[in-house]
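Structure first, then comments.
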Amino acid sequence: MKNAPILILVLILSISIPFTAAEAATVEEEQIDLQMREIAKTLRCTICQNESIWESQAELAHQMRDIIKERLMKGESPDEIRAYFLSRYGDYILLAPQKSGLNWLLWGGPFALLAVGGLFLYRTLSRWVAQTTITKQEDLPPIDDQLRKRIEQELHSRED
Amino acid sequence: MKGWHFILALAVVGLLVLFYKGLWGDPRTIPTVLIGTQAPSFSGPVVRTGEMITSSRFQGKVVLLNFWASWCLECRTEHENLLALNRRFGSNPDFVMLGINYQDRKEDAEKYLEVYGSTFNHLRDPKGAISIDYGVYGVPETFVIDRQGVIRYKYVGPLVGPAYTNLIENVLEPLLEGRPFPRS
Numbered sequence: 001m002k003n004a005p006i007l008i009l010v011l012i013l014s015i016s017i018p019f020t021a022a023e024a025a026t027v028e029e030e031q032i033d034l035q036m037r038e039i040a041k042t043l044r045c046t047i048c049q050n051e052s053i054w055e056s057q058a059e060l061a062h063q064m065r066d067i068i069k070e071r072l073m074k075g076e077s078p079d080e081i082r083a084y085f086l087s088r089y090g091d092y093i094l095l096a097p098q099k100s101g102l103n104w105l106l107w108g109g110p111f112a113l114l115a116v117g118g119l120f121l122y123r124t125l126s127r128w129v130a131q132t133t134i135t136k137q138e139d140l141p142p143i144d145d146q147l148r149k150r151i152e153q154e155l156h157s158r159e160d
Numbered sequence: 001m002k003g004w005h006f007i008l009a010l011a012v013v014g015l016l017v018l019f020y021k022g023l024w025g026d027p028r029t030i031p032t033v034l035i036g037t038q039a040p041s042f043s044g045p046v047v048r049t050g051e052m053i054t055s056s057r058f059q060g061k062v063v064l065l066n067f068w069a070s071w072c073l074e075c076r077t078e079h080e081n082l083l084a085l086n087r088r089f090g091s092n093p094d095f096v097m098l099g100i101n102y103q104d105r106k107e108d109a110e111k112y113l114e115v116y117g118s119t120f121n122h123l124r125d126p127k128g129a130i131s132i133d134y135g136v137y138g139v140p141e142t143f144v145i146d147r148q149g150v151i152r153y154k155y156v157g158p159l160v161g162p163a164y165t166n167l168i169e170n171v172l173e174p175l176l177e178g179r180p181f182p183r184s
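The listed protein sequences correspond, in order, to chains F and U.
Position one of the first sequence corresponds to residue 1 (the working numbering), numbered consecutively onward.
Position one of the second sequence corresponds to residue 1 (the working numbering), numbered consecutively onward.
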């Protein structure tokens with residue numbers, strides 16, 4: 001009976017170790033799935049219009065997701081995997097164009113046009129405001145007695 | 001119209017064209033980035049026999065790869081021309097033709113080859129690994145690889161009419177005869 005505690009410990013360990021290993025494998029799989037999802041969301045399904053390979057139900061998208069998973073399991077980084085797809089399909093595979101070369105036009109163009117449009121609007125409005133003459137009080141025609149009487153009557157009727 | 005008005009209008013139109021091409025452009029018209037690069041190696045089972053074939057077997061040869069599927073109607077229109085190509089160049093020891101069966105069921109592919117005929121090997125690509133390695137968008141697509149293993153030509157669509165003539169006269173004949181390869 002002296003060895004009873006050791007036996008119990010061995011028994012507990014022999015049960016818990018396989019569970020721990022299985023849990024670790026599940027956690028790793030979940031992480032790979034998560035990474036795969038993040039990569040798949042940035043790649044365009046080449047046979048669909050403006051749909052990522054994560055969203056697409058096409059067979060090709062399904063196969064691409066499998067390839068991402070395989071490469072992640074081999075230890076490739078998300079950037080390496082994206083570079084692989086880029087080397088096969090070119091820029092078209094990326095849902096968001098790369099921020100380089102002519103693509104800067106696509107990224108910055110709308111903002112630049114908005115700025116130019118805003119400047120154009122500001123200049124036009126400024127010119128309109130400058131051209132509009134505000135009539136001063138002394139330039140207004142004088143009020144005759146009849147009109148003054150009418151205004152006073154109107155004011156009195158409102159006070160009542 | 002002032003000069004800068006014209007430039008602004010030009011910029012707006014240019015940007016709209018870029019967006020249009022980017023969002024609604026046909027991926028089939030986008031040139032492959034693989035032209036001039038080393039052809040990816042591949043291996044796969046032959047549709048009819050299941051024998052594994054690896055690309056290294058064709059080192060030093062001009063290889064024509066044709067991606068097809070039994071459900072693809074355009075593939076049927078070019079099939080007779082593919083058989084004619086193999087009749088014409090198949091006896092050349094420096095030339096090999098291979099079909100890659102894309103997203104298809106084995107039995108459908110077998111039936112297709114039985115009905116339309118086959119004089120060269122066709123490999124299955126059940127996981128899509130070969131097709132994705134070659135950046136295939138759809139079928140039919142045809143690639144020509146030179147003796148050094150470099151992808152020299154890609155055609156998207158059925159090899160009929162001028163596309164078929166161009167492939168023979170401007171791609172296969174120059175490559176097999178060692179003549180300069182004109183850009184098509």
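Where is the CB? At the ideal position from N, CA and C, for every residue including glycine.
Can you find a CB in chain F that lies within less than 9 Å of the CB of residue i?
i, result
"phenylalanine 19/U", "yes"
"serine 184/U", "Note that serine 184/U scores a pLDDT of 47, beneath 50, so its modelled location is shaky and nothing firm can be said."
"leucine 8/U", "yes"
"leucine 65/U", "no"
"leucine 172/U", "no"
"leucine 34/U", "yes"
For residue i, which residues in chain A fall below 9 Å Cβ to Cβ?
i, result
"glycine 138/U", "Considering every chain present, this structure includes no chain A. Its protein chains are F and U."
Measure the alpha-carbon distance for residue i versus residue j and round it to whole angstroms.
i, j, result
"histidine 62/F", "isoleucine 53/F", "7 Å"
"valine 144/U", "leucine 172/U", "8 Å"
"cysteine 75/U", "glutamine 98/F", "35 Å"
"alanine 11/U", "lysine 106/U", "52 Å"
"aspartate 144/F", "lysine 136/F", "18 Å"
"proline 126/U", "phenylalanine 120/F", "58 Å"
"alanine 109/U", "asparagine 92/U", "27 Å"
"glycine 149/U", "valine 46/U", "21 Å"
"threonine 133/F", "serine 126/F", "13 Å"
"serine 184/U", "lysine 111/U", "In this prediction, serine 184/U scores a pLDDT of 47, lower than 50, which makes its location untrustworthy; no coordinate-derived value is stated."
"tyrosine 155/U", "asparagine 81/U", "14 Å"
"threonine 46/F", "arginine 71/F", "20 Å"
"proline 162/U", "glutamate 30/F", "52 Å"
Based on the DSSP output, what are the partners of residue i in its beta bridges?
i, result
"aspartate 125/U", "Tyr102/U"
"tyrosine 153/U", "Val144/U"
"phenylalanine 58/U", "Answer is none; phenylalanine 58/U lacks a bridge partner."
"arginine 82/F", "DSSP, once it has assigned bridges, lists no residue as partnering arginine 82/F."
"valine 139/U", "DSSP output for valine 139/U lists no bridge partner at all."
"isoleucine 53/U", "Gly44/U"
List, in order along the chain, the chain U residues whose C-beta lies closer than 7 Å to that of residue i?
i, result
"glutamine 63/F", "Lys127, Gly128, Ile132"
Would residue i count as contacting chain U if we go by Cβ distances under 9 Å?
i, result
"arginine 88/F", "yes"
"aspartate 161/F", "No information on residue 161/F is available, as it lies outside the stretch 1 to 160 that chain F covers here."
"leucine 34/F", "no"
"leucine 102/F", "yes"
What does residue i reach in chain U if we use C-beta pairs closer than 8 Å?
i, result
"glycine 109/F", "Ala11, Leu15, Leu18"
Closer than 8 Å by beta-carbon distance: list the chain F residues that pair up with residue i, in chain order.
i, result
"glycine 135/U", "Arg88, Tyr89, Gly90"
"valine 156/U", "Ordered by position in chain F, no residue passes the 8 Å Cβ test against valine 156/U, which lies about 12 Å from the chain."
"valine 144/U", "Near valine 144/U there are no residues of chain F at all, since even the closest Cβ is about 18 Å away, more than 8 Å."
Under 9 Å Cβ-Cβ, which residues of chain U neighbour residue i?
i, result
"leucine 106/F", "Leu15, Leu18, Phe19, Gly22"
Relative to the ligand SAM, is the shortest distance from any of its heavy atoms to the C-beta of residue i smaller than 8 Å?
i, result
"leucine 9/F", "No copy of the ligand SAM appears in this structure; indeed no ligand is present at all."
Worksheet item: If contact means a Cβ-Cβ distance below 7 Å, which residues of the stretch 111 to 133 of chain F contact chain U?
Response: Here the close residues are Leu113, Val116.
Practice prompt. Determine which residues of the stretch 83 to 117 of chain U have a Cβ less than 8 Å from any Cβ of chain F, and write them out in chain order.
Written response: Gln103
Discussion item. Give me the subset of the stretch 43 to 57 of chain U whose CB atoms are less than 7 Å from a CB atom of chain F, sorted by chain position.
Written reply: none
Item to complete: Select from the stretch 65 to 83 of chain F all residues with a C-beta closer than 8 Å to any C-beta belonging to chain U, and list them in chain order.
Response: Asp66, Ile67
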